[in-house]
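Asker: Residue numbering for the sequence shown follows my numbering, starting at 7 and increasing by one per position.
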Amino acid sequence: MTSIMQRAIVVMFIVLSWMSQSAAQQKYDLLLKGGHVIDPKNKINAVRDVAIANGKVAAVAAKIDPAEAFKVVDVSGYYVTPGLVDIHVHVYAGTGEQGSYAGDNSVYPDGFTFRAGVTTVADAGCAGWRNFEDFKQRIIDRSKTRVLAFINIVGNGMRGGKFEQDLADMEAKPTSEMALRHKDLIIGVKTAHYAGPEWTPVERAVEAGTLANIPVMVDFGINHAERPLSELVTRKLRPGDIYTHLYSGLRNEQVESGKVNPALWEGRKRGVIFDVGHGGGSFLWRIAVPAMKEGFVPDSISTDLHIGSMNAGMKDMLNVMDKFLAMGMSVDEVILRSTWNPAREIKREELGHLSPGAVADVAVLRLEKGAFGFVDMHGARLRGTQKLTCELTLREGKVVYDLNGITRPDWDKLPRDYKQTGDTRWDAVTPARPVRNP
Ligand SMILES: [Zn+2]
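1. Should D281 be listed as close to ligand 1, given that the test is whether its C-beta is under 8 Å from any heavy atom?
2. Output the residue ranges of the beta strand (DSSP E) runs that lie fully inside the segment 137–202 and measure 3 residues or longer, sorted by chain position.
3. So L252 is in the alpha helix (DSSP H); what residue range does that whole segment cover?
4. Nearest-angstrom Cα distance between G123 and A73?
5. Using only CA atoms, which one of M184, L270, F156 lies nearest to T499?
6. Is it the case that the CB of D55 approaches a heavy atom of ligand 1 more closely than 8 Å?
7. What residues sit near ligand 1, counting only those whose C-beta is closer than 5 Å to one of its heavy atoms, in chain order?
8. Cα separation between N48 and P88?
9. From I146, H284, E232, A231, pick the residue whose C-alpha is nearest to that of Y249; which is it?
10. Can you round the beta-carbon distance between I193 and R401 to whole angstroms, since I take them to be within the 8 Å contact cut?
11. If you follow the beta strand (DSSP E) that R274 is part of, which residue opens it and which one closes it?
12. In the DSSP assignment, find the alpha helix (DSSP H) that holds P207 and state where it starts and stops.
13. Under a Cβ-count criterion, where at least 16 other Cβ atoms within 10 Å of its own Cβ denotes burial, should V261 be classed as buried or exposed?
14. For L38, I'd like the list of residues in its chain whose CB is within less than 6 Å of its CB, leaving aside the five on either flank, ordered along the chain.
15. Report the three-state DSSP secondary structure of P296 (helix, strand or coil).
16. Quick one: what does DSSP say D45 is sitting in, helix, strand or coil?
17. What's the gap between the Cα of E213 and the Cα of D140?
18. Near K425, what residues of its chain come up, given a Cβ to Cβ distance below 7 Å and the 5 sequence neighbours on each side ignored?
19. Report yes if the C-beta distance between S344 and L290 is below 9 Å; otherwise report no.
20. Is the separation between the beta-carbon of K179 and that of V208 shorter than 9 Å?
21. Candidates A364, G100, D367: which alpha carbon is nearest A133's?
22. Alpha helix (DSSP H) containing D338: first to last residue?
23. Residue range of the beta strand (DSSP E) that K3 falls in?
24. Tell me, which residues are paired with L290 by DSSP?
25. Provide the residue(s) that pair with N111 in DSSP beta bridges, ordered along the chain.
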């Protein structure tokens with residue numbers, strides 16, 4: 007071994023031991039340096055450093071001293087946003103029930119969320135009061151993603167037609183009681199897929215929502231002249247209730263002339279919320295493009311993730327957000343509708359922003375320019391020139407996804423017999439334990 011190499015090794019050990027000694031004094035666990043922060047709640051749209059300590063946002067400022075942080079990550083050239091909040095997903099997987107959203111039609115959340123910058127999802131009614139606690143122990147309690155839920159007004163949840171068309175199983179009282187028992191998890195009531203002419207599902211859902219003081223999300227099922235969309239959004243729903251599948255075109259969202267149904271404007275004026283809920287069969291360019299041109303933009307962008315949408319036109323949260331970029335919405339408006347707006351809609355105002363003290367759920371996104379295409383539910387394409395990619399996702403201040411290893415050291419600069427390179431102060435991927443001396 008040459009003396010230069012020996013000296014280099016000695017210097018490296020001095021630096022490493024100095025780093026571990028000073029670690030205790032460093033007040034931040036992680037510093038995201040030089041990124042373009044978009045935090046719509048706090049009206050920040052500028053280059054800012056973001057410091058994190060104990061799983062919370064500690065500071066957001068133009069310049070934070072890297073010496074104050076245990077781990078510094080250069081995120082210049084990227085957007086830094088609150089962890090995305092997707093309020094329409096189906097994640098009650100693992101029961102083995104075929105053809106059911108309380109089973110095979112759902113997906114496990116962690117494989118679809120962090121890689122798209124999503125840190126919070128709300129399951130849209132897979133479970134009702136009879137099976138919510140099974141859903142909780144099977145999925146919610148075991149996922150790294152924060153999983154919240156709209157409880158279905160159907161006691162059995164989305165187990166298929168036989169259950170979802172059963173008016174006798176749509177009871178407001180037990181639904182609201184379960185919602186109140188799990189206030190920390192149940193953020194709304196869902197009604198969906200109803201094929202009959204009765205208003206009962208909507209009325210019972212609103213009754214349960216009123217008892218539990220939470221919003222209702224409506225998938226308006228099969229269109230019926232007996233219960234028109236206009237009456238739903240101008241009379242039946244309360245301010246704060248959510249109409250999802252806004253651009254499906256399946257229930258007169260667009261009228262003959264090609265204009266947005268005037269009732270939607272009236273509903274919006276009353277405070278009814280309009281959500282995307284893209285899914286496998288609920289988003290059409292011929293509905294969305296004219297509506298956007300008319301100015302009927304969504305309040306929240308959501309995926310309606312399930313097995314029928316994951317590999318179709320929907321793909322993931324970022325792809326749905328890209329569609330709004332392609333229709334001319336600005337990046338900060340898209341981020342608003344994927345963070346702070348949905349957090350407010352589900353009354354979780356502690357989420358969806360990067361205020362000091364807030365949980366450090368963070369997405370680091372790259373905006374690519376190029377030739378891209380985006381597909382709707384009937385397979386029609388809209389071309390676009392921008393695409394968001396998730397580089398890094400933090401959940402409670404720790405790395406849970408890192409596409410290109412921007413938090414990681416280069417292998418050839420490490421000792422020859424290097425072992426785990428991470429630290430529990432910032433890393434939840436590799437490893438989940440501190441580096442120890444040999
Ligand atoms: Zn859905």
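Glycine included, every Cβ here is placed at the ideal spot set by N, Cα and C.
Answerer: Checking against the coordinates, here is how it stands:
1. False, no ligand heavy atom lies under 8 Å from that Cβ.
2. Under the rule that a run must span 3 or more residues, the beta strand (DSSP E) segments found entirely inside the segment 137–202 read 152–158, 192–197.
3. Note, L252: premise wrong, no alpha helix (DSSP H); not H, not E.
4. Each residue's Cα considered, the two are about 28 Å apart.
5. Nothing in the structure corresponds to residue 499, since the chain is present only between 7 and 444.
6. Not under cutoff, so the answer is no.
7. Taking each Cβ in turn, the ones that pass are A130, D310.
8. A straight line joining the alpha-carbon of N48 with that of P88 spans about 11 Å.
9. Proximity to Y249 across I146, H284, E232, A231 peaks at H284, based on C-alpha coordinates.
10. The Cβ separation is near 18 Å, so there is no contact.
11. Not the beta strand (DSSP E): R274 falls in the alpha helix (DSSP H), residues 268–276.
12. Counting along the chain, the alpha helix (DSSP H) containing P207 begins and ends at 206–218.
13. Its Cβ having fewer than 16 others within 10 Å, V261 is exposed.
14. When the five nearest sequence neighbours on each side are left out, the beta carbons in the same chain lying within less than 6 Å of the beta carbon of L38 are those of V56, V79, V81, V86, in order along the chain.
15. Three-state result, P296: helix.
16. Here D45 sits in strand by DSSP.
17. When the Cα atoms are used, E213 and D140 turn out to be separated by approximately 24 Å.
18. For K425, where only same-chain residues beyond five positions count, there are no Cβ hits under 7 Å.
19. No, the pair does not count as a contact, with Cβ atoms beyond the cut-off.
20. No.
21. The shortest CA-to-CA distance from A133 to any of A364, G100, D367 is the one to G100.
22. In the DSSP assignment, D338 falls within the unbroken alpha helix (DSSP H) covering 337–342.
23. Only positions 7 to 444 of the chain appear in this structure, which leaves residue 3 out of reach.
24. As computed with DSSP, L290 is found in no beta bridge at all.
25. Its beta-bridge partners do not exist; DSSP assigns none.
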